[in-house]
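In my numbering, the protein residues as written are 31 to 154.
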């Protein structure tokens with residue numbers, strides 16, 4: 031038994047060698063930086079589109095945070111979780127109902143979904 035525990039400790043120490051982790055991350059940092067620049071640019075672009083919808087609907091600025099949170103959840107589904115098509119539309123309907131339950135205007139939520147994410151709800 032003691033030998034098995036010693037072996038596990040040595041394996042753990044090798045696996046979690048912080049110098050090796052640092053070297054690996056240093057090697058990947060350039061690629062990671064390129065990806066994060068693209069991801070942040072896409073996120074900011076989406077948020078700007080949402081703000082345009084909110085401006086055109088004369089939404090009070092105090093509510094922007096909630097509408098942007100709704101849009102970020104949609105963005106996460108579409109970009110990070112790679113959900114699309116009918117599955118995305120169903121998930122978007124659930125999110126719309128969730129945020130409607132939090133007293134946001136369902137017409138504005140649907141407009142964000144349509145104008146920013148190109149999804150029209152069928153009402154089913």
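Glycine residues also receive a C-beta, built at the ideal position from the N, C-alpha and C atoms.
Point to revise | C-beta atoms of residue 126 and residue 136 nearer than 8 Å | key: Here residue 126 refers to the residue found at position 96 of the chain shown. Here residue 136 refers to the residue found at position 106 of the chain shown. In contact: residue 126 and residue 136 (Cβ atoms closer than 8 Å).
**Study point:** With 16 other Cβ atoms within 10 Å as the buried cut-off, status of residue 42
**Key:** As a first step, residue 42 must be located in the chain shown, where it is residue number 12. By the 10 Å Cβ count, residue 42 comes out exposed.
Check your understanding: How should residue 138 be labelled, buried or exposed, when 16 other C-beta atoms within 10 angstroms of its C-beta is the threshold for buried?
Key -> In the chain shown, counting from the first residue as 1, residue 138 sits at position 108. Buried is the call here.
Exercise for review: Kindly indicate which three-state DSSP category residue 133 falls into: helix, strand or coil?
Suggested key: Here residue 133 is taken as the residue at index 103 of the chain shown, counted from 1. Residue 133: coil per DSSP, three-state reduction.
Check your understanding: Which of the three DSSP states, helix, strand or coil, is assigned to residue 85?
Key -> The count along the chain shown starts at 1 and reaches residue 85 at position 55. Correct three-state label for residue 85: helix.
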